[in-house]
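Novice: Just so we're on the same page, this note's numbering is the position in the sequence shown counted from 1, plus 2.
The beta-carbon is built from N, C-alpha and C at its ideal position, and this holds for glycine as well.
This is the structure, below, for whatever I ask next.
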Amino acid sequence: MTAQVHGFQTEVTKLLKLLANSLYSNKEVFLRELISNASDAVDKLRFLSITSPELTKDDPNFWIRVRADEKAGTLTISDNGIGMTLNEANEHLGTIAKSGTEEFFKNLSKDQAKASQLIGQFGVGFYSAFIVADRVTVLSRAAGSKPEEGVRWSSDGSGTYESENITRNERGTDVVLHLKDSEKEFLNEWTLRETITRYSDHISTPVLLWCEKHEPASEKDGEKKEDKPVWGWEQVNDAKALWTLAPKDVKDEQYIAFYKHLTHDYGDPLTWAHNRVEGDLEYISLLYIPKEAPWDLYSRDEKHGLKLYVQRVFIMDNSEEFLPNYLRFVKGLVDTTALDLNVSRELLQKSPVTRKLKRALTKRALSMIEKLAADKDKYQIFWSQYGRVMKEGPIEDPSDREQVMKLLRFASTKSGTAAQTVSLEDYIARMPEKQKNIYYLTAGSYEAAANSPYLETLRKKGIEVLLLTDRVDEWLMGNVRDFEGHSFVPATASDLQLGDLADKDDQKKKDEAEKDNKGVVERLKKALEGKVTNVRISTRLVDSPSCIVGEQDQMLTPQMRRMLEAAGQSVPEEKFTLEINPEHPLIRQAADETDEARFGKWADFIYGQALLADQGSLKDPSSFVKIMNELILKK
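In structure tokens, the structure reads:
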């Protein structure tokens, strides 16, 4: 069969050019990636052989081999794992089989020095071979296929690749790197040995290096012979499943190296937790939190989850059944003796053992995050990456609501910036003695929230207000009513429920203001008839002339309204109560207007200004600007 020439997926062509020029300082990453891929291939076949032992009967002992050929200038990474068919080779090696490649290039182009960190996040580890090679040849045969169904795939990374069926007697895969002249250091035995032990020592499959050994000198017939060099395979990795070791016997650098193998992330993890549990439910868990959120954290199509091992045998990737969705950023594995080796994803979903494990692992993950929260600097990194996801927790996981709520952080009127945050426990600890409720305000941005007129009276009374600007905040506050006995009250509520914080003098002033300004209130009601439900004197305004307040049972906040409109959903028309500050010069000037037609324009301006401050936009901004210009210019 003649080899067919195929064009790479456009994104792969871009990727190869970028990788070849971006990872000059971390070139050895290619060997880690290719050995990890080989390890995955072995794990997959080991699992299939549980129910189909004939797949491995010709070669039951698994291995990964690394062999340098100085004369040919090639480095070959081989495994006797699951292998590939021709279609699989074209699919897996000719395309990036994940969505989000545009996001990959956007991130890569910002800072090429971060390219190595992005390799793992986007599942493009194979292409790192072109960092050191000017041609890559892959020879493979899928387990269970015929010898004549072997595969040869080859490319110089310039935009096309060749693939064809060949005869191959053994299963598994050889990745042959034709090294660039500048990268011949990777033919050196010491360089290979050091790189393998640094990055792949923890892999449970033996990694064998073709190297020169020396037989000791011997004497025969009185004649002494010199050491004789002998070439052969030597295992260079420890090949122990790291998670099965006692935590006290594992060094931090080993945990970090295993994380990089497990996730293909080039960066270090933010934290990790290693636990062994014995008793009715026996399991080992090793959980990690990446320092940077993966690009697909909010992708509905992407699967997240832990690797599942049963009695040290790999069963499946991305097992979503063991952690709730709001903890989908947690990476790692669980190894249990409580499940059968032939468990399927469908059986896993129905198993009572799975539910128990999910409960236990959720507690482990939350405990890991709680410990991280003790380090404010590290937790700030964590919150900047995963805060919005964590806010899904109190609704998704009612049984752990209190624990998750303690882990949430919010900007506030006392934090100073959007990045400086406060916990609910700290908020409660510094509340004035008479304060009973937790006050919050949702807005489109931190600046809009911090400068909102709804905060004026609360600020005056020294009441801290949480400033919520994430889209998920609307959903969170719509479903969570209180925390540790303190109710959540929006700063926009018609009744702020100030209780003992309400000043009796304030009420007296309000009563007097209502009496003194009854005329302007009635005039505004008449001028805005059909546009507002009511007009009243405000107790919340200090520096602003007006604001709008929704009904107590009003369902849509401004943020929710904008989200629905952006999604093309029909949004019901709502009318508001207009609150005015009679001491403000703008309201006084309007009250002094004797021409009712002109007063009507003042009414529209005051109402439009309140709408703009609350909603962030107006349905008819041109009319508003026209009225404003007329009032300013006409004396």
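1. Could you give the DSSP three-state label for Arg-403: helix, strand or coil?
2. For the alpha helix (DSSP H) containing Val-315, name the first residue and the last one.
3. Flag this pair as touching only if the region 314-323 and the region 340-355 have three or more C-beta atom pairs under 8 Å; answer yes or no.
4. Near Phe-260, which residues of its chain fall below 7 Å by C-beta distance, leaving aside the five closest residues on each side in sequence?
5. Which residues does DSSP list as the beta-bridge partners of Asn-536?
6. Within this structure, are the beta carbons of Phe-601 and Ala-529 separated by less than 8 Å?
7. What did DSSP end up calling Gln-387 once you bin it into helix, strand or coil?
8. So for Trp-235, helix, strand or coil by DSSP?
9. Between Tyr-388 and Asp-81, what straight-line distance do the alpha-carbon atoms span, to the nearest angstrom?
10. Quick one: what does DSSP say Lys-116 is sitting in, helix, strand or coil?
11. Apart from the five residues on each side of it in sequence, which residues of its chain come closer than 6 Å, Cβ to Cβ, to Cys-213?
12. Just to confirm, are Thr-179 and Val-238 a CB contact at a threshold of 8 Å?
13. With Lys-73 and Ala-135 assumed to form a contact (beta carbons below 8 Å), what rounded beta-carbon distance in angstroms separates them?
14. Out of Val-537, Ala-431, Lys-512, state which residue places its alpha-carbon closest to the alpha-carbon of Glu-524.
15. Look at the alpha carbon of Asn-631 and the alpha carbon of His-586, and state the distance between them as a whole number of angstroms.
16. For Thr-494, which three-state DSSP category applies?
17. Please name the residue or residues paired with Lys-165 in a DSSP beta bridge.
18. On a CA-only basis, which of Thr-197, Gly-85, Leu-247 is nearest Arg-170? Give me that one, please.
19. Could you tell me if Asn-89 is buried or exposed, where buried requires 16 or more neighbouring beta carbons within 10 angstroms of its beta carbon?
20. Determine contact between the region 588-596 and the region 618-627, defined as no fewer than three beta-carbon pairs at a distance below 8 Å.
21. List the whole-angstrom C-beta distance separating Leu-325 from Leu-308, where the pair is believed to meet the contact cut-off of C-beta under 8 Å.
22. On the criterion of 16 or more Cβ atoms from any shown chain inside 10 Å, does Pro-547 qualify as buried, or is it exposed?
23. Identify the continuous beta strand (DSSP E) that holds Trp-274 and give its terminal residues.
24. Using 8 Å as the threshold, is the C-beta distance between Val-534 and Tyr-456 below it?
25. Over the uninterrupted beta strand (DSSP E) stretch that includes Arg-143, give me the two end residues.
26. Is there contact between the region 253-268 and the region 359-367, where contact requires at least three CB pairs shorter than 8 Å?
27. DSSP state of His-306, grouped into three classes?
28. My output table needs one value for Phe-64: the three-state DSSP class, helix, strand or coil.
29. Would you report the Cα separation of Asp-428 and Thr-579, rounded to the nearest angstrom?
30. Which stretch, first to last residue, makes up the alpha helix (DSSP H) that contains Leu-543?
31. Tell me which same chain residues have a C-beta within less than 7 Å of the C-beta of Gln-123, skipping the five on either side of it?
32. Take Phe-626 as the anchor and find which of Lys-603, Lys-242, Ile-168 has the nearest alpha-carbon.
33. For Ile-291, count neighbouring Cβ atoms within 10 angstroms of its own Cβ and tell me buried if that reaches 16, exposed if not.
34. For Gly-159, which residues of its own chain have a beta-carbon under 6 Å away from its beta-carbon, when the five flanking residues on both sides are left out?
35. What does a CB cutoff of less than 8 Å around Leu-543 pick up in its chain, not counting 5 residues either side in sequence?
Specialist: Taking the structure as given:
1. By 1-based counting over the sequence shown, the position of residue 403 is 401. Here Arg-403 sits in helix by DSSP.
2. Translated into the one-based positions of the sequence shown, residue 315 becomes position 313. Segment 315-321 is the beta strand (DSSP E) holding Val-315; no alpha helix (DSSP H) there.
3. yes
4. Within the sequence shown, numbered from 1, the residue matching residue 260 stands at position 258. Same-chain partners within the cutoff: His-204, Leu-244.
5. Here residue 536 refers to the residue found at position 534 of the sequence shown. In the DSSP output, where bridge partners are listed per residue, Asn-536 has Thr-579.
6. To locate residue 601, count along the sequence shown from 1; it is residue 599. To locate residue 529, count along the sequence shown from 1; it is residue 527. Yes.
7. Here the question's residue 387 lines up with position 385 in the sequence shown. Reduced to three states, the DSSP call for Gln-387 is helix.
8. Position 233 of the sequence shown holds residue 235. Here Trp-235 sits in strand by DSSP.
9. Position 386 of the sequence shown, counted from the first residue, corresponds to residue 388. Position 79 of the sequence shown, counted from the first residue, corresponds to residue 81. Rounded to whole angstroms, Tyr-388 to Asp-81 spans 37 Å at the Cα level.
10. For the purposes of this step, residue 116 is identified with residue 114 of the sequence shown, where counting begins at 1. At Lys-116, the pLDDT of 49 sits below 50, so the modelled position is not reliable and the matter cannot be decided from this model.
11. As a position in the sequence shown, residue 213 is number 211, starting the count at 1. Contacts found: Glu-191, Glu-236.
12. Taking the first residue of the sequence shown as 1, we reach residue 179 at position 177. Taking the first residue of the sequence shown as 1, we reach residue 238 at position 236. The residue asked about is misnamed: residue 179 is Leu in this sequence, not Thr. No, Cβ-Cβ distance for Leu-179 and Val-238 is not below 8 Å.
13. Here residue 73 refers to the residue found at position 71 of the sequence shown. Here residue 135 refers to the residue found at position 133 of the sequence shown. Contact doesn't hold; Cβ gap of about 17 Å is too wide.
14. Here residue 524 is taken as the residue at index 522 of the sequence shown, counted from 1. Taking only the C-alpha atoms, the option nearest Glu-524 is Val-537.
15. For the purposes of this step, residue 631 is taken as residue 629 along the sequence shown, with counting starting at 1. For the purposes of this step, residue 586 is taken as residue 584 along the sequence shown, with counting starting at 1. So the two alpha carbons sit approximately 20 Å from each other.
16. On the sequence shown, position 492 is the one that residue 494 refers to. The answer is coil: DSSP assigns Thr-494 none of H, G, I, E or B.
17. Stepping through the sequence shown from its first residue, residue 165 is reached at position 163. At residue 165 the sequence reads Ser, which differs from the Lys that was named. In DSSP, Ser-165 forms a bridge with Gln-6, Trp-155.
18. The residue labelled residue 170 in the question sits at position 168 within the sequence shown. When only C-alpha atoms are compared, the closest one is Gly-85.
19. Sequence index remark: in the sequence shown, residue 89 carries index 87 (1-based). Under this definition Asn-89 is an exposed residue.
20. no
21. Counting from 1 along the sequence shown, the entry for residue 325 is found at position 323. Counting from 1 along the sequence shown, the entry for residue 308 is found at position 306. Confirmed, Cβ separation roughly 7 Å.
22. Here residue 547 refers to the residue found at position 545 of the sequence shown. So Pro-547 ends up on the buried side.
23. In the sequence shown, counting from the first residue as 1, residue 274 sits at position 272. Where Trp-274 is concerned, the enclosing beta strand (DSSP E) stretches over 271-279.
24. As a working mapping, residue 534 is identified with position 532 in the sequence shown. As a working mapping, residue 456 is identified with position 454 in the sequence shown. No, the pair does not count as a contact, with Cβ atoms beyond the cut-off.
25. Within the sequence shown, residue 143 is the residue found at index 141, counting from 1. Start and end: 135-143.
26. The region 253-268 vs the region 359-367: no contact.
27. Position 304 of the sequence shown, counted from the start, is the residue given in the question as residue 306. The answer is coil: DSSP assigns His-306 none of H, G, I, E or B.
28. Residue mapping note: residue 64 aligns to position 62 of the sequence shown, counting from 1. In this structure, Phe-64 counts as coil in the three-state DSSP scheme.
29. Walking along the sequence shown from the start, residue 428 turns up at place 426. Walking along the sequence shown from the start, residue 579 turns up at place 577. Straight-line Cα distance between these residues: approximately 34 Å.
30. Residue 543 sits at position 541 when you count from the first residue of the sequence shown. No alpha helix (DSSP H) holds Leu-543; DSSP gives it neither H nor E.
31. Along the sequence shown, read from residue 1 onward, the residue named residue 123 stands at position 121. Bear in mind that a pLDDT of 44 at Gln-123, under 50, signals an unreliable position, so the number given afterwards is only what the model happens to contain. Asp-267, Pro-296, Trp-297, listed in sequence order.
32. The residue you call residue 626 lines up with position 624 of the sequence shown. The residue with the shortest Cα to Cα distance from Phe-626 is Lys-603.
33. Counting from one through the sequence shown, the residue named residue 291 turns up at place 289. Buried, by the Cβ-count rule.
34. Taking the sequence shown and counting its residues from 1, one reaches residue 159 at position 157. Leu-18, Phe-132, listed in sequence order.
35. The residue given as residue 543 occupies position 541 in the sequence shown. Here the set comprises Pro-455, Glu-458, Thr-459, Cys-549, Glu-581, Ile-582, Asn-583, His-586.
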